[in-house]
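A.B. asks: Structure in structure tokens, see below.
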Amino acid sequence: MPCPTGAPAPDRPAAPPTRPPGACADGPPEAAAEETGWPAPGWALYRCERLLGVGGMGRVYLAWDTRLNRRVAVKFLSSDDPECVQRFFREARAQARIDHPHVGKVYEVGEVHGRPYIAMQYIEGQTLSATAAGMSLEQKVLIIRQAAEAVHAAHRMGLIHRDIKPANIMVETNEDGTLIPFVVDFGLVREMGGEALTVSGTSLGTPAFVSPEQALGQAGTVDRRADVYSLGATLYALLAGRPPFEAATPIEALLQAINKEPDSLRLHAPAVPVDLECVVMKCLEKDPRRRYDSARALADELDRFLNGEPIQARPPGLVERIGKRLRKHKAVVAVAGTALVATTVLLALWWQARRDAAEQAELAQRFGQRVEQVEGVLWRAQSLDLHDIRPARAMVRRIMQSIEAEMRERGSVALGPGHSALGRGYLALHDFDRAREHLARAWSMDYRTPEVAFALGSTLGQIYFREEQALNKIQGKTQREARRDEIVRTLRKPACRYLRAGAGLNRDCPEWPEAILAFYEGRLQDALDNAKKAFRRLPWLYEAKVLEGRIWRETGTGHRIAGRYSEAMAAYRRAATAYEAAIRVA
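Count along the sequence shown starting at 1, add 1, and that's the number in the numbering used here.
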């Protein structure tokens with residue numbers, strides 16, 4: 002008889018117990034077995050508490066371990082088919098080899114009353130598919146990042162999961178509200194280089210989340226990148242509310258996985274950031290060589306996204322998009338003639354690339370001139386004696402509106418230069434949050450000029466300063482230090498990376514970017530020396546005096562914490578002097 006595949010997450014949850022833990026039912030053990038189907042009445046090793054649910058392979062019970070005094074999940078196989086029994090124990094052995102905090106633990110396997118069983122860690126939660134609706138975007142990404150780390154641990158043991166999907170990731174909620182994922186159900190696991198247990202004539206895995214090579218039944222080509230595909234498909238489903246492919250039957254879903262390109266994630270979830278879409282779509286590449294090479298690489302990429310760092314994946318260019326179209330319509334290509342199509346494509350690409358490059362360069366120059374106009378207007382307004390600067394700010398906003406209008410008119414070729422210009426404009430307006438939004442968009446669109454890098458680094462640094470000041474409002478020391486670590490990780494460190502990417506930009510005053518970078522990296526003396534040099538070179542650069550004040554303030558705080566109060570007072574006085582100088586210049 003064919004062996005049904007199953008999941009430890011029950012397909013049909015059982016009714017919650019109405020009795021205290023420790024007994025399946027009131028009365029003797031025989032009554033318990035009759036009520037819940039517990040196949041081992043009177044078993045001294047584990048005592049049934051309740052039926053958790055019924056899956057394709059059997060039943061899962063919550064039980065009490067009488068030796069170690071802990072709750073466990075006990076899974077009984079419902080079939081006596083030798084192949085099913087072999088796969089059942091194979092799942093247990095595979096999962097038991099993986100020591101990772103996000104993989105459900107297997108305690109033991111055996112037989113009781115002739116029924117195979119696995120005793121596992123009891124995960125007091127629900128499947129990812131059941132909990133996803135209440136999660137934020139960041140929580141969903143973090144869950145998949147942690148699941149990818151767990152899958153990587155399996156890969157290091159030479160195991161491929163082959164059935165990753167939302168139903169095979171359990172989610173537990175800690176007392177502090179933190180969500181903890183567990184990858185479970187290693188029933189379809191395959192050892193790298195070894196034979197997989199398969200059902201003749203079938204393709205293992207869940208059709209909506211299976212990789213194309215699994216759908217084709219190419220067991221010899223299935224490696225760890227098949228799990229990367231399934232992790233990407235799972236994240237797609239979490240973000241879009243539907244899997245990459247939807248079909249009326251499993252066979253249709255498998256055919257789509259083999260032949261069809263998935264819809265763009267943002268087609269179904271427009272609010273998803275472009276960078277995150279790039280990560281997900283890279284996982285879903287048909288060719289395994291174009292995916293992330295490992296689950297570890299995917300976890301690192303998701304970590305970069307969560308930390309606000311540049312990702313390595315990039316959206317497909319024109320060549321790739323045309324290539325996918327050609328692969329999709331092979332018959333048409335064959336009729337048209339391979340040589341003719343290739344020549345036409347190359348000519349089109351060459352012409353498109355030249356036209357786009359020229360147009361983008363022209364837009365970058367024009368938008369750059371408008372940004373310089375913005376910066377000049379604001380600088381002149383701030384340099385005058387105290388007066389109403391609202392007219393100047395209104396003029397600046399009109400200039401930026403003209404950039405936005407031209408972006409809409411010129412289309413995609415204007416997006417990179419346009420977002421770059423808007424970001425620099427908002428930076429000049431000290432609207433740092435909107436500056437960050439536009440500069441990050443420019444960067445994610447591969448418009449990665451030194452100007453964008455320096456402006457983005459400067460913006461993140463300003464936001465870091467703001468958030469650092471807000472730390473004083475947090476009462477608890479533990480919460481305050483946790484928040485400090487967070488803003489260092491998500492703001493100050495990325496600021497340093499972007500500033501380094503923009504190094505050498507300011508040829509008129511190279512000391513200024515060096516001063517900022519040194520300050521963020523904690524090299525206070527280098528920062529002070531370069532800030533002073535920058536101010537001597539550009540006496541109107543009041544920001545250099547502001548930075549000098551911050552450096553002396555941090556120096557004073559270090560002295561105060563160390564108990565050197567006279568040195569602290571001297572540093573604070575120097576900070577005050579630098580701030581006064583900045584006010585006079587500004």
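Note that the Cβ used here is the ideal one computed from N, Cα and C, for glycine as well.
Output the boundary residues of the beta strand (DSSP E) element that contains Trp65.
C.D. replies: Run containing Trp65: Gly59 to Asp66, per the beta strand (DSSP E) assignment.
A.B. asks: Taking the Cβ atom as the reference point for each residue, do Leu440 and Ala429 lie within a distance shorter than 8 Å?
C.D. replies: The answer is no: Cβ separation not under 8 Å.
A.B. asks: Quick one, are the C-beta atoms of Ala272 and Leu232 less than 8 Å apart?
C.D. replies: No, they are not a contact pair.
A.B. asks: Quick check: the segment 393-404 against the segment 420-434, are there 3 or more CB pairs under 8 Å?
C.D. replies: Verdict: yes, contact present.
A.B. asks: Can you check the segment 496-564 for any alpha helix (DSSP H) of at least 4 residues that lies completely inside it and give the ranges in chain order?
C.D. replies: Counting whole runs of 4 or more residues, the segment 496-564 contains the alpha helix (DSSP H) stretches 512-521, 525-538 and 543-562.
A.B. asks: How long is the line joining the alpha carbons of Ala572 and Ala519, rounded to whole angstroms?
C.D. replies: Roughly 19 Å between the two C-alpha positions.
A.B. asks: Drop a sphere of 10 angstroms on the beta-carbon of Leu529, count the other beta-carbons inside from all chains shown, and report buried for 16 or more, exposed for fewer.
C.D. replies: Leu529 comes out buried.
A.B. asks: Under the DSSP definition of a beta bridge, which residues are partnered with Pro245?
C.D. replies: None, per the DSSP bridge assignment.
A.B. asks: Considering only residues of the same chain and omitting the five flanking positions on each side of Thr344, which have a CB-CB separation below 7 Å?
C.D. replies: Only weak support exists for where Thr344 lies, its pLDDT of 43 falling under 50; the coordinates are left without a value.
A.B. asks: From what residue to what residue does the beta strand (DSSP E) around Gln122 run?
C.D. replies: That run of the beta strand (DSSP E) goes Arg116 to Gln122.
A.B. asks: Give the DSSP-derived three-state secondary structure of Arg588 in the structure shown.
C.D. replies: Lying outside 2 to 587, the shown extent of the chain, residue 588 is not represented and no answer is given.
A.B. asks: Excluding five sequence neighbours on each side, which residues of the same chain lie with their C-beta closer than 6 Å to the C-beta of Pro263?
C.D. replies: Hits under 6 Å: Pro245 and Leu285.
A.B. asks: In terms of alpha-carbon separation, which member of Arg71, Trp44 and Trp39 lies closest to Gly59?
C.D. replies: Minimum Cα distance to Gly59 is reached at Trp39.
A.B. asks: Identify the residues that DSSP records as bridge partners of Lys76: which are they?
C.D. replies: Note: Lys76 sits in a beta bridge opposite Val61 and Ile119.
A.B. asks: Buried or exposed, going by whether 16 or more other CB atoms sit within 10 Å of the CB of Met570?
C.D. replies: Exposed, since its Cβ has fewer than 16 Cβ neighbours within 10 Å.
A.B. asks: Which same chain residues, not among the five before or five after Leu63, have their C-beta less than 7 Å away from its C-beta?
C.D. replies: Closer than 7 Å at Cβ, skipping near neighbours: Glu50, Arg51, Leu53, Arg72, Ala74 and Tyr123.
A.B. asks: Determine the direct distance from the alpha carbon of Arg146 to that of Ser1, and round the result to whole angstroms.
C.D. replies: Summary: the structure shown does not reach residue 1, with the chain confined to residues 2 through 587, and so no result is reported for it.
A.B. asks: Would Gln215 be called buried (16 or more neighbouring beta carbons within 10 Å of its own) or exposed?
C.D. replies: Buried, because 16 or more other Cβ atoms sit within 10 Å of the Cβ of Gln215.
A.B. asks: Between which two residues does the alpha helix (DSSP H) carrying Thr132 extend?
C.D. replies: That run of the alpha helix (DSSP H) goes Leu129 to Thr132.
A.B. asks: Taking 7 Å as the limit between beta carbons, can you name the residues of its chain near Tyr230, skipping five residues before and five after?
C.D. replies: Ser212, Cys284, Leu285 and Arg292.
A.B. asks: Using DSSP bridges, identify the partner residues of Ile181.
C.D. replies: Paired residue(s): Glu173.
A.B. asks: Would you grab the beta carbon distance between Leu299 and Ala133 for me? Rounded to a whole angstrom, and I think it's under 8 Å.
C.D. replies: That belief does not hold up - the Cβ atoms of Leu299 and Ala133 are roughly 19 Å apart, past 8 Å.
A.B. asks: Ordered along the chain, which non-local residues of its own chain (more than five positions away) have a Cβ less than 7 Å from that of Val107?
C.D. replies: Same-chain partners within the cutoff: Ala93, Gln96, Ala97, Ile119 and Met121.
A.B. asks: Could you spell out the range, first to last residue, of the beta strand (DSSP E) harbouring Glu112?
C.D. replies: Segment Val107 to Val113, the beta strand (DSSP E) holding Glu112.
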